[in-house]
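Novice: In UniProt numbering, the protein residues as written are 1 to 114.
Ideal placement from N, C-alpha and C gives every residue a C-beta, glycine not left out.
Since the structure is predicted, the reported quantities are computational estimates derived from the model, not experimental observations.
Dumping the structure here so I can ask a few things about it.
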């Protein structure tokens, strides 16, 4: 088995709406393609979403690199971070707040559960 894995968003794509109990605004659809899964603790792939906002609660680490569009993450502490195509960022476990897509976006991601 190889130790090198491409992340291209080329795998099968799952499309789903944001769950109603998490929805803050809009009616965004999300699309997820998982290109890598390791030991049920690490995942990598591509994700996209329409404009809208929803509540998030992170129990995992996530590295994101935006390929298209823009978003902002608003923590329950009031801190807001804005990201656009070309930006990369890390979300640590314990982040609670709102994920708002301000322009239809696509990202590549790596998620790790401890």
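#1: Which runs of the beta strand (DSSP E) spanning at least 3 residues fall entirely within the UniProt domain "(S)-ureidoglycine aminohydrolase cupin" (40-109), listed in chain order?
#2: Leaving out five residues before and five after residue 91 in sequence, what residues of the same chain have Cβ atoms less than 6 Å from its Cβ?
#3: Between the alpha carbons of residue 99 and residue 54, how many angstroms are there, rounded?
#4: Quick one: measure Cβ to Cβ for residue 9 and residue 46, integer angstroms, because I've assumed they're closer than 8 Å.
#5: Report yes or no: do the region 100-108 and the region 66-73 share at least 3 C-beta pairs separated by less than 8 Å?
Specialist: With the structure as the only source:
#1: Counting only runs that start and end inside the UniProt domain "(S)-ureidoglycine aminohydrolase cupin" (40-109), the beta strand (DSSP E) elements of at least 3 residues fall at 42-49, 52-57, 61-75, 80-84 and 88-91.
#2: Working through the chain shown from its first residue, we reach residue 91 at position 91. Taking C-beta separations shorter than 6 Å and ignoring five residues to either side along the sequence, the partners of residue 91 in its chain run 58 and 62, following chain order.
#3: Position 99 of the chain shown, counted from the first residue, corresponds to residue 99. Position 54 of the chain shown, counted from the first residue, corresponds to residue 54. Put simply, the backbone Cα of residue 99 is about 6 Å away from that of residue 54.
#4: Taking the first residue of the chain shown as 1, we reach residue 9 at position 9. Taking the first residue of the chain shown as 1, we reach residue 46 at position 46. Between residue 46 and residue 9 the Cβ distance is about 3 Å, and since that is below 8 Å, they are a contact.
#5: Cβ pair count under 8 Å is three or more, so yes.
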